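Chemist:
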Amino acid sequence: MSWLFGIKGPKGEGTGPPLPLPPAQPGAEGGGDRGAGDRPSPKDKWSNFDPTGLERAAKAARELEHSRHAKEALNLAQMQEQTLQLEQQSKLKEYEAAVEQLKSEQIRVQAEERRKTLSEETRQHQARAQYQDKLARQRYEDQLKQQQLLNEENLRKQEESVQKQEAIRRATVEREMELRHKNEMLRVEAEARARAKADRENADIIREQIRLKAAEHRQTILESIRTAGTLFGEGFRAFVTDWDKVTATVAGLTLLAVGVYSAKNATSVAGRYIEARLGKPSLVRETSRISVLEALRHPIQWGSSLGLCGAVLHGSVCLANCDGVPHQVSRRLVSRPQDALEGVILSPSLEARVRDIAIATRNTKKNKSLYRNVLMYGPPGTGKTLFAKKLALHSGMDYAIMTGGDVAPMGREGVTAMHKVFDWASTSRRGLLLFVDEADAFLRKRATEKISEDLRATLNAFLHRTGQHSNKFMLVLASNQPEQFDWAINDRIDEMVCFALPQREERERLVRMYFDKYVLKPATEGKQRLKVAQFDYGKKCSEVAQLTEGMSGREIAQLAVAWQLCVQTYSASSGKSASMQSQPPVSPGPFIVSKRAMAYSSEDGVLTEAMMDARVQDAVQQHQQKMQWLKVERPDSEASKPPRPSLLSC
Numbered sequence: 001m002s003w004l005f006g007i008k009g010p011k012g013e014g015t016g017p018p019l020p021l022p023p024a025q026p027g028a029e030g031g032g033d034r035g036a037g038d039r040p041s042p043k044d045k046w047s048n049f050d051p052t053g054l055e056r057a058a059k060a061a062r063e064l065e066h067s068r069h070a071k072e073a074l075n076l077a078q079m080q081e082q083t084l085q086l087e088q089q090s091k092l093k094e095y096e097a098a099v100e101q102l103k104s105e106q107i108r109v110q111a112e113e114r115r116k117t118l119s120e121e122t123r124q125h126q127a128r129a130q131y132q133d134k135l136a137r138q139r140y141e142d143q144l145k146q147q148q149l150l151n152e153e154n155l156r157k158q159e160e161s162v163q164k165q166e167a168i169r170r171a172t173v174e175r176e177m178e179l180r181h182k183n184e185m186l187r188v189e190a191e192a193r194a195r196a197k198a199d200r201e202n203a204d205i206i207r208e209q210i211r212l213k214a215a216e217h218r219q220t221i222l223e224s225i226r227t228a229g230t231l232f233g234e235g236f237r238a239f240v241t242d243w244d245k246v247t248a249t250v251a252g253l254t255l256l257a258v259g260v261y262s263a264k265n266a267t268s269v270a271g272r273y274i275e276a277r278l279g280k281p282s283l284v285r286e287t288s289r290i291s292v293l294e295a296l297r298h299p300i301q302w303g304s305s306l307g308l309c310g311a312v313l314h315g316s317v318c319l320a321n322c323d324g325v326p327h328q329v330s331r332r333l334v335s336r337p338q339d340a341l342e343g344v345i346l347s348p349s350l351e352a353r354v355r356d357i358a359i360a361t362r363n364t365k366k367n368k369s370l371y372r373n374v375l376m377y378g379p380p381g382t383g384k385t386l387f388a389k390k391l392a393l394h395s396g397m398d399y400a401i402m403t404g405g406d407v408a409p410m411g412r413e414g415v416t417a418m419h420k421v422f423d424w425a426s427t428s429r430r431g432l433l434l435f436v437d438e439a440d441a442f443l444r445k446r447a448t449e450k451i452s453e454d455l456r457a458t459l460n461a462f463l464h465r466t467g468q469h470s471n472k473f474m475l476v477l478a479s480n481q482p483e484q485f486d487w488a489i490n491d492r493i494d495e496m497v498c499f500a501l502p503q504r505e506e507r508e509r510l511v512r513m514y515f516d517k518y519v520l521k522p523a524t525e526g527k528q529r530l531k532v533a534q535f536d537y538g539k540k541c542s543e544v545a546q547l548t549e550g551m552s553g554r555e556i557a558q559l560a561v562a563w564q565l566c567v568q569t570y571s572a573s574s575g576k577s578a579s580m581q582s583q584p585p586v587s588p589g590p591f592i593v594s595k596r597a598m599a600y601s602s603e604d605g606v607l608t609e610a611m612m613d614a615r616v617q618d619a620v621q622q623h624q625q626k627m628q629w630l631k632v633e634r635p636d637s638e639a640s641k642p643p644r645p646s647l648l649s650c
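Residue numbers (UniProt numbering): 1 to 650.
1. Along the beta strand (DSSP E) that carries S542, what are the first and last residues, could you check?
2. Since R504 and I345 are thought to touch, with beta carbons under 8 Å apart, how far apart are those beta carbons, to the nearest angstrom?
3. Our contact map puts R362 next to S395 with C-beta atoms below 8 Å; I'd like the distance itself, whole angstroms only.
4. Go ahead and pull the three-state DSSP assignment for M410.
5. Rounded to whole angstroms, how far is the Cβ of A560 from the Cβ of V519, which I believe are closer than 8 Å?
6. Can you give me the start and stop residues for the beta strand (DSSP E) that I107 sits inside?
7. Please classify E160: is it buried, with 16 or more other beta-carbons within 10 angstroms of its beta-carbon, or exposed?
8. With 16 other CB atoms within 10 Å as the buried threshold, where does M418 fall?
9. Short of 6 Å in beta carbon distance, which residues of its chain neighbour H469, apart from the five on each side in sequence? Order them along the chain.
10. Looking only at its own chain, which residues have a Cβ that is under 8 Å from the Cβ of L475, when we skip the five neighbours before and after it?
11. Counting C-beta neighbours from all protein chains within 10 Å, is the total for M612 16 or more, i.e. buried, or is it exposed?
12. Alpha carbons only, please: which of N490, I489, K540 and W563 is nearest the one belonging to P522?
13. How many Å lie between S349 and E483 at the Cα?
14. What separation, rounded to the nearest whole angstrom, lies between the Cα atoms of L455 and L283?
15. Where does residue 651 land, buried or exposed, given buried means 16+ other C-beta within 10 angstroms?
16. From Q126, P502 and L64, pick the residue whose C-alpha is nearest to that of R554; which is it?
17. Which residue's Cα is closest to the Cα of I290: Q158, K366 and L432?
18. Using only alpha-carbon positions, find the residue among T382, R218, Q209 and M513 that is nearest to M551.
19. Could you give the DSSP three-state label for D437: helix, strand or coil?
20. Determine, for D423, whether the minimum Cβ-Cβ distance to residues of chain B falls below 7 Å.
21. Checking the sheet assignment: what are the DSSP bridge partners for I401?
22. Would you kindly work out how many angstroms separate the C-alpha atoms of P380 and A392, rounded to a whole number?
23. Tell me whether K631 sits in a helix, a strand or coil according to DSSP, three-state version.
24. Can you give me the Cβ contacts of L477 inside the same chain, cut-off strictly under 6 Å, excluding the 5 residues immediately before and after it?
25. Provide the residue span of the alpha helix (DSSP H) that contains M513, from first to last.
26. Should F442 and A408 be called a contact, given that it needs their Cβ atoms to be closer than 7 Å?
27. Determine which residues share a DSSP beta bridge with C498 and list them.
28. Using CA atoms only, rank isn't needed, just tell me which of G343, G404 and Y399 is closest to E506.
29. At which residues does the alpha helix (DSSP H) containing A562 begin and terminate?
30. How should A57 be labelled, buried or exposed, when 16 other C-beta atoms within 10 angstroms of its C-beta is the threshold for buried?
31. Taking all protein chains shown into account, decide if G404 is buried (16 or more other Cβ within 10 angstroms of its Cβ) or exposed.
32. List the DSSP bridge partners of R444.
33. In the DSSP assignment, find the alpha helix (DSSP H) that holds L455 and state where it starts and stops.
34. Find out if the Cβ-Cβ distance for the pair D398, S262 is shorter than 7 Å.
35. For G307, which of helix, strand or coil comes out of DSSP?
As structure tokens, this is what we get:
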């Protein structure tokens, strides 16, 4: 390792100058050096140097020089030097790359700044253009306002001028009327004076004429009285003296009195008999029986209905414009027995149940057996009344509909009216289906409910007439609250059928049926100006069925009619609505009252999907509001209980 210190090795290499030794410690060797000049030794950085480290290094160098690994150590040192150089070069390259990256970053930042500058200039230009446009519009609006104010001022001046002219004309007319009135009064006054003057001058002559007329009238009356007295006296004297005439007169008067009394009583009895046999009781609201009295009241409408109606189905439009009675007569005479579930959409289980009841009722009528009484309960609008009518038509029976709300107002006449209903039902040759709607209104519990004595007597009469089954009539009760029935009423019920709210599949069938009835058929068959936009009707009906959860069949029918009511034809000024106004009213079917289809409210008469969605949303909100009212109406004591099963479901 002599090369480390510049000493030439054994191969003849040159050696460097000897290494300087550190200065001696002060005070060494007895301080002999102090005598050389008597100046203190300088205290520098080498004063505390320890030479032992150099000695050890020199010793290690000598050992390494004589070692066989000296050459490898030299190569290792050279490689270390090269590695240091390469590291320096790599650092230089990294520095240059950083400089280049910094330059590119500066270029990017400058480009970004230029882009922002251009964007800001563009925004400033746009804002300036918008502001100029705003100023232009504002100037234009100001001009329009000024023009409008000028027009209004001119119009006001014209109106004031017209008013002034009208006031002048009115004042002129009033002045003319005043002058004419004055002239007329002067003329009448002059005539009255002249007439009074003439009367004063002729007073003696007038009094004489009056006296002569009164004397002549008195003489005429006296002569008439004398003549009449003479004739009456002679006739009475002749009648009294002839006993045969007196006897005949007395007998005639007696027979006349007896005849009048007998005719009066006989007419009353015959009237009651005819009313019981041929008429319709006052409690019956609707019936399919042929009524002779109604036929006598409407003979012309009967003929038109028989000639024009044909086979009338339930819910169709009668072109004969008949007012109910002829319509029922034509249905009775020309219709045939039809399926009990035609036009009635129910769940599969309920459909099978009511079909069995219809078949059993029809076989009962054929075999002249005893009819079974049926109770139909469930939420309103689920098809109870419709099925009762269909059941009567299917079995070939007549039907009569009465409502329980009509019984209570009759008071003491309720018992008589109830007996008349059952007497009238017993006279039907085809059998009568007596349908009592809202039966819970008067068939309440006698023990707990607070009912009047008249209503209690009517209920007892009803129980008396329904105590045994009959082969003349079939009793069908309908109620939304069957739990309020008297126990005796429950004992008279043979079949109980629950009409629940329609489920998803039934609602879709209902929507499709009413959409076809109230929208598609009027748009394709009738003369009504109704159009339907192009969209997937089946998909829309499925969506509506999904949204109308909890709604009854009546509410779905009302929704379909609301779709029809969305499209109104042109007004009468267009000259095309006259033919529409002459069309007969559209019957909304079994669930709602017949009304005129004034549902065409759009100007072009096209029913769009958006209009249908809007009406569906309204119907859903109305249904939710009704349900909220139903919850509010429940008593506080039942607030924690679930809703009544008969009102919501089965």
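In this text, a Cβ means the ideal position worked out from N, Cα and C, and glycines have one as well.
This one's a predicted model, so the numbers in the text were calculated from it and none came from an experiment.
Modeler: The answer reads as follows:
1. DSSP places S542 outside any beta strand (DSSP E); the residue lies instead in the alpha helix (DSSP H), whose first and last residues are Y537 to L547.
2. So it is not a contact: roughly 13 Å between Cβ atoms.
3. Confirmed, about 4 Å.
4. In the structure shown, M410 falls within a helical segment according to DSSP collapsed to helix, strand and coil.
5. About 7 Å; that satisfies the 8 Å criterion.
6. Unbroken run through I107 is the alpha helix (DSSP H), A70 to E201; no beta strand (DSSP E).
7. With fewer than 16 other CB atoms across the displayed protein chains lying within 10 angstroms of its CB, E160 is exposed.
8. So M418 counts as buried.
9. Counting only residues of its own chain and dropping the five nearest sequence neighbours on each side, H469 has a CB closer than 6 Å to the CB of L370.
10. Contacts found: Y371, N373, V374, L434, V436, T466 and R492.
11. Classification for M612: buried.
12. Selected option, being the one with the closest Cα: W563.
13. Computed Cα separation, rounded: 23 Å.
14. Distance between the alpha carbons of L455 and L283: 14 Å.
15. Because the chain here runs from 1 to 650, residue 651 falls outside it and cannot be looked at.
16. Checked all of Q126, P502 and L64; the closest Cα to R554 is P502.
17. Measuring from the Cα of I290, the nearest candidate turns out to be L432.
18. The residue with the shortest Cα to Cα distance from M551 is T382.
19. Judged by DSSP in its simplified three-state form, D437 adopts strand.
20. Judged by its chain identifiers, the structure shown contains no chain B, having just a single protein chain.
21. Partner(s): E286 and F435.
22. Those two C-alpha atoms are separated by around 21 Å.
23. Looking at K631 - three-state DSSP - the assignment turns out to be helix.
24. For L477, the CB contacts under 6 Å within the same chain, skipping 5 residues up- and downstream, are L375, V436 and A439 in chain order.
25. Residues R504 to F515.
26. In terms of Cβ geometry, F442 and A408 form a close pair [threshold 7 Å].
27. Looking at the DSSP output, C498 sits in a beta bridge with Y377.
28. Taking only the C-alpha atoms, the option nearest E506 is G343.
29. That run of the alpha helix (DSSP H) goes G553 to Q564.
30. Within 10 angstroms of the beta-carbon of A57 lie fewer than 16 other beta-carbons, which makes it exposed.
31. Around the Cβ of G404, a 10 Å sphere holds 16 or more other Cβ atoms; the residue is buried.
32. F485, per the DSSP bridge assignment.
33. Here the alpha helix (DSSP H) through L455 covers E453 to R465.
34. The answer is no: Cβ separation not under 7 Å.
35. At G307 the pLDDT is 37, less than 50, meaning the model places this residue with poor confidence and gives no usable figure here.
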